[in-house]
Amino acid sequence: MSNIYAYHLLRVAQEKFSRKPIELTAEEIKVAREIARRTLFVEDRILASEEARDISVSSDDVDEARQAMVKVYDNHSCFLEELRESDLDETTLLVALDRQLKVDKAIEKVVVNIKEPNEIEIANFYKQRKDNFYRPEQRAVSQILITINPEFSENTPSVARKRIEDIHVQLKMKPKSFSRLAELHSECPSALQNGSLGVFSRGKMMKSLEDVVFELSIGNISAPVETEVGFHIVKCDNIIPKHLVSLKEARADIAAAILEARCQTAKRNWIKLVCSPTNAVPVDRELI
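Everything in the sequence shown is counted per this note's numbering, starting at 4 for the first residue and increasing by one.
Listed below in structure tokens is the structure:
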């Protein structure tokens, strides 16, 4: 007996509860079983639809999907053990993955001809949601980092602190030497860009560094800052004030958002249609 249902149950347990089916509580397994039955039902209906009729999936695609599953386990033995615990084997898994990939392709066929938004629709979207297009204040930041690693004599906490303090002394005498000193001494990949880390808004970097960076004026350099990574000296290269993103700047993102919303609506409506009683098809009970 094919046990595709067991595959659906395994997926639900992993995706919703982050555990194996056998590790779920009585209430959780009840919920997981109901979701698995429902997803199998939907899958069955989609595979019986007109859209899925001529769809095929290559063995390479199926094997790639299997390999993606295997990668999350410590080794292949652990993967096989979980299959056995879930009442699955690799043969059934391949069948289940083949079905899943066909379903994905069928759903994508539904949105092939969805129209992209026109300029009027994009402009209206922007006007109606203008408050959403304000970009918060941002800072362009560079840093010099000396890491802490007790395994290396030059990176023990005391030595690393002395190194960063020496660099800071040099910067106080010659602030314009920041780029050169970053290139020479920084142990951050940004050293290859003269210390430049890029542009950040609040909430996008370590809090201890953020608090320092957003107090600096343009061109100012901080005193050494200690974090769990090591010792940092940060520099504010530029301040970009809070501002309204123009329609021209936002156009591509708006068009993508409208198109994505249309695609999701079309997918939901189509799935409702193929699952409706008027389109009912026999469910293969051998799969459950």
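Glycine residues also receive a C-beta, built at the ideal position from the N, C-alpha and C atoms.
Rounded separation between residue i and residue j - CA only
{"i": "Ile-230", "j": "Arg-48", "result": "In the sequence on display, residue 230 carries Thr and not Ile. Cα to Cα, Thr-230 sits roughly 55 Å from Arg-48."}
{"i": "Ser-80", "j": "Ala-35", "result": "25 Å"}
{"i": "Ile-291", "j": "Ser-61", "result": "The pLDDT assigned to Ile-291 is 35, lower than 50, so where the model puts this residue is not dependable; a value taken from the coordinates is nonetheless given after this. When rounded, the distance between both Cα atoms is 25 Å."}
{"i": "Arg-22", "j": "Ser-89", "result": "12 Å"}
{"i": "Val-216", "j": "Lys-251", "result": "30 Å"}
{"i": "Ala-99", "j": "Leu-91", "result": "10 Å"}
{"i": "Val-114", "j": "Cys-266", "result": "6 Å"}
{"i": "Leu-276", "j": "Leu-104", "result": "20 Å"}
{"i": "Arg-41", "j": "Ser-189", "result": "55 Å"}
{"i": "Val-232", "j": "Pro-178", "result": "24 Å"}
{"i": "Lys-358", "j": "His-11", "result": "In the structure as shown, the chain starts at 4 and stops at 291, and residue 358 therefore has no counterpart that could be examined."}
{"i": "Ala-226", "j": "Ser-161", "result": "17 Å"}
{"i": "Lys-207", "j": "Lys-74", "result": "29 Å"}
{"i": "Glu-168", "j": "Ala-260", "result": "48 Å"}
{"i": "Ile-25", "j": "Leu-83", "result": "15 Å"}
{"i": "Asp-63", "j": "Thr-28", "result": "37 Å"}
{"i": "Asn-116", "j": "Ser-249", "result": "29 Å"}
{"i": "Glu-31", "j": "Thr-159", "result": "48 Å"}
{"i": "Glu-154", "j": "Leu-195", "result": "24 Å"}
{"i": "Lys-245", "j": "Glu-157", "result": "42 Å"}
{"i": "Thr-94", "j": "Glu-18", "result": "22 Å"}
{"i": "Arg-132", "j": "Lys-33", "result": "42 Å"}
Buried versus exposed, by CB contacts within 10 Å (16 or more), residue i
{"i": "Cys-191", "result": "buried"}
{"i": "Met-176", "result": "exposed"}
{"i": "Glu-46", "result": "buried"}
{"i": "Arg-14", "result": "buried"}
{"i": "His-235", "result": "buried"}
{"i": "Asn-223", "result": "exposed"}
{"i": "Arg-288", "result": "Low per-residue confidence applies at Arg-288: pLDDT is 39, beneath 50, and the placement is therefore not dependable, though the value from the model is reported in the following sentence. Exposed: under 16 other Cβ atoms inside 10 Å."}
{"i": "Pro-285", "result": "Bear in mind that a pLDDT of 47 at Pro-285, under 50, signals an unreliable position, so the model cannot answer this."}
{"i": "Ile-149", "result": "buried"}
{"i": "Leu-43", "result": "buried"}
{"i": "Pro-280", "result": "exposed"}
{"i": "Cys-123", "result": "According to the sequence shown, residue 123 is Ile rather than Cys. So Ile-123 counts as exposed."}
{"i": "Ser-52", "result": "buried"}
{"i": "Arg-102", "result": "buried"}
{"i": "Asn-272", "result": "exposed"}
Test item: CB-CB of residue i and residue j under 8 Å
{"i": "Ala-269", "j": "Ile-125", "result": "no"}
{"i": "Gln-141", "j": "Phe-203", "result": "yes"}
{"i": "Ala-163", "j": "Ile-147", "result": "no"}
{"i": "Ala-143", "j": "Asp-240", "result": "yes"}
{"i": "Ile-242", "j": "Ile-274", "result": "no"}
{"i": "Ala-247", "j": "Phe-136", "result": "Per the sequence shown, residue 247 should be read as Leu rather than Ala. In this structure, Phe-136 lies closer than 8 Å to Leu-247 by Cβ."}
{"i": "Lys-130", "j": "Glu-54", "result": "no"}
{"i": "Leu-200", "j": "Ser-193", "result": "yes"}
{"i": "Lys-118", "j": "Ile-58", "result": "no"}
{"i": "Ser-145", "j": "Asn-197", "result": "yes"}
{"i": "Gln-173", "j": "Leu-184", "result": "yes"}
Proximity winner among the options, relative to residue i (alpha-carbon distances)
{"i": "Glu-67", "options": "Asp-57, Leu-96, Ser-89, Lys-245", "result": "Leu-96"}
{"i": "Ile-38", "options": "Asp-90, Ala-194, Tyr-8", "result": "Tyr-8"}
{"i": "Lys-238", "options": "His-171, Arg-254, Arg-271, Pro-280", "result": "His-171"}
{"i": "Met-209", "options": "Ser-193, Gln-196, Ser-199, Val-228", "result": "Val-228"}
{"i": "Arg-138", "options": "Arg-205, Leu-27, Pro-24", "result": "Arg-205"}
{"i": "Ala-255", "options": "Leu-184, Phe-128, Pro-244, Gly-198", "result": "Phe-128"}
{"i": "Val-106", "options": "Pro-120, Arg-56, Phe-20, Asn-272", "result": "Arg-56"}
{"i": "Pro-120", "options": "Cys-278, Ala-264, Gln-173", "result": "Ala-264"}
N-terminal and C-terminal residue of the alpha helix (DSSP H) that residue i is part of
{"i": "Leu-50", "result": "29-50"}
{"i": "Asn-272", "result": "250-278"}
{"i": "Asp-169", "result": "160-176"}
{"i": "Asp-66", "result": "62-73"}
{"i": "Ile-58", "result": "Unbroken run through Ile-58: none, as it is neither H nor E."}
{"i": "Arg-183", "result": "181-188"}
{"i": "Lys-108", "result": "93-113"}
Endpoints, the beta strand (DSSP E) within which residue i is located
{"i": "Val-144", "result": "141-150"}
{"i": "Ser-199", "result": "199-204"}
{"i": "Cys-239", "result": "233-243"}
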